[in-house]
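Below is one structure, written out as structure tokens; the observations come after it.
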Amino acid sequence: MGTVKPRKRYLLFHVEAEKQLHEKNVKEAVFSGFQRLFGEVEAGRLGIRWVGFKPEERWGILLCSQEAVVKVRAALALLTSLEGGKARFSTVRVSGTLKSLREFLRERKP
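Count the sequence shown with numbering that gives the first Met the number 0 and you get residues 0 to 109, in order.
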């Protein structure tokens, strides 16, 4: 009997910040925040993957296991600074497919 493949979830998050954002800096802030909160070992077990970030729109997408969604949302909410200024991360939507998140973003564009 084989093992069950863990279910994945995509998290769409938005960043409100005082300064202009760069993907590299946002990614570093997110992953260092996870390591500070959970420690290096537990952060690795969460299986978090960076999908992408659009600096001009301030939307980002992370991939994690279904079991880690609550911890990832909490870690994002606890991030309060970015590139030396204040910032606020908020989870906008959680989905099982990347396609549905992209459709959601398309519908929100004016």
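Positions of the beta carbon are idealized from the N, C-alpha and C atoms, including for glycine.
Sequence-distant residues of its chain with Cβ nearer than 7 Å to residue i (five each side left out)
{"i": "Ser80", "result": "Ala86"}
{"i": "Trp49", "result": "Lys26 and Leu61"}
{"i": "Leu104", "result": "Trp58"}
Residue range of the beta strand (DSSP E) that includes residue i
{"i": "Leu147", "result": "Outside the displayed range of the chain (0 to 109) lies residue 147, so it cannot be described from this structure."}
As assigned by DSSP and simplified to three states, the class of residue i
{"i": "Val40", "result": "helix"}
{"i": "Lys32", "result": "According to the sequence displayed, residue 32 carries Gly and not Lys. Of the three classes helix, strand and coil, the one that applies to Gly32 here is helix, per DSSP."}
{"i": "Thr100", "result": "Contrary to the premise, residue 100 reads as Leu rather than Thr in this sequence. DSSP places Leu100 in helix when its eight states are reduced to three."}
{"i": "Lys85", "result": "strand"}
{"i": "Lys4", "result": "coil"}
{"i": "Lys23", "result": "helix"}
{"i": "Lys108", "result": "coil"}
Contacts around residue i, its chain only, beta-carbon distance under 6 Å, and the 5 residues preceding and following it disregarded
{"i": "Gly59", "result": "Phe12 and Phe52"}
{"i": "Glu15", "result": "Arg87"}
Nonlocal neighbours in the same chain, by C-beta distance under 8 Å from residue i, ignoring five residues either side
{"i": "Lys7", "result": "Leu62, Cys63, Ser64, Gln65 and Gly95"}
{"i": "Pro54", "result": "Gln19, Leu20, His21, Glu22 and Val25"}
Counterpart residues of residue i in DSSP-defined beta bridges
{"i": "Ala76", "result": "BP columns for Ala76 are empty, so no partner."}
{"i": "Val115", "result": "Residue numbering for the chain in the displayed model covers 0 to 109; residue 115 lies beyond these limits and cannot be assessed."}
{"i": "Arg48", "result": "Leu62"}
{"i": "Lys53", "result": "Trp58"}
Residue nearest to residue i in terms of C-alpha spacing, selected from the options
{"i": "Lys70", "options": "Arg35, Arg57 and Leu104", "result": "Arg35"}
{"i": "Ala76", "options": "Gly1, Val3, Leu10 and Lys4", "result": "Leu10"}
{"i": "Gln19", "options": "Arg101, Glu82 and Ser89", "result": "Glu82"}
{"i": "Ala73", "options": "Pro5, Val3, Gly43 and Gly32", "result": "Gly32"}
{"i": "Glu17", "options": "Glu106, Gly84, Arg101 and Lys98", "result": "Gly84"}
{"i": "Pro5", "options": "Ala67, Ala28 and Phe30", "result": "Ala67"}
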